[in-house]
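Q: Quick one: structure below, then a few questions.
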Amino acid sequence: METMLQALVVLGGLTFSLAAALLIEELIFGQIVRVAFARRVEIPKPGHKH
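Residue 784 in my numbering is what sits at position 46 of the sequence shown, and the numbering runs on without skipping anything.
What follows is the structure, encoded as structure tokens:
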């Protein structure tokens with residue numbers, strides 16, 4: 739029973755760590771991707787007429 743509890747604590751810790759890492763990654767790289775797409779949209783494509 740104690741081994742099962744330890745395994746549960748380890749899995750919980752790993753899950754929390756992964757979730758935190760994904761959140762931080764999304765906050766950092768999500769902003770970078772958003773800025774890159776915003777810059778790309780502002781540049782008109784040559785030969786494209788409205």
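In this text, a Cβ means the ideal position worked out from N, Cα and C, and glycines have one as well.
Could you check the C-alpha separation between Leu-766 and Thr-741 for me, to the nearest Å?
A: In the sequence as presented, Leu is not what sits at residue 766; that position holds Ile. Ile-766 and Thr-741: Cα-Cα distance of roughly 37 Å.
Q: Measuring only the C-alpha atoms, how far is Val-748 from Ser-755?
A: Rounded to whole angstroms, Val-748 to Ser-755 spans 10 Å at the Cα level.
Q: Could you tell me the alpha carbon to alpha carbon distance between Leu-743 and Thr-753, rounded to whole angstroms?
A: Near 15 Å, if we compare the C-alpha coordinates of Thr-753 and Leu-743.
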